[in-house]
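Those letters in the sequence shown? Residues 193 to 270, by my numbering.
The structure under discussion appears below in the form of structure tokens.
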Amino acid sequence: MVEWQPAATVPRDRLILADIGMPWACLAIWNEPAGQFCVTELEIDLYLGQWNDTAISHTYVPAAQLLGWQELPEVSRG
């Protein structure tokens, strides 16, 4: 299992998995114009009385909100 890296060491030059305090990890990448990380968010709403209307959106969070990070795993297509 890959260990979470300290937030103080987060790279700002590539896509990462970020722990921002949600129950799951999020994709994140540094956005220089905003001076914050652009982070994916999983959303879910009720549809016909069930929690099944899922979507992905994004938001910006300051670097101080990151609790930790991991490199993305490599994709093996071999």
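A virtual CB, placed ideally from N, CA and C, is assigned to each residue, including glycine.
| Asked | Found |
| --- | --- |
| With DSSP run on the structure shown, which of helix, strand or coil describes alanine 247? | strand |
| Are the C-beta of histidine 250 and some C-beta of chain D separated by less than 8 angstroms? | No chain D appears in the structure shown, which is made up of a single protein chain. |
| Below 8 angstroms between beta carbons: does that hold for glycine 262 and leucine 209? | Per the sequence shown, residue 262 should be read as glutamine rather than glycine. Yes. |
| Just to confirm before moving on: does the CB-CB distance between glycine 213 and leucine 259 stay below 8 angstroms? | yes |
| Could you pull the DSSP bridge partners for glutamate 263 from this structure? | Ile208 |
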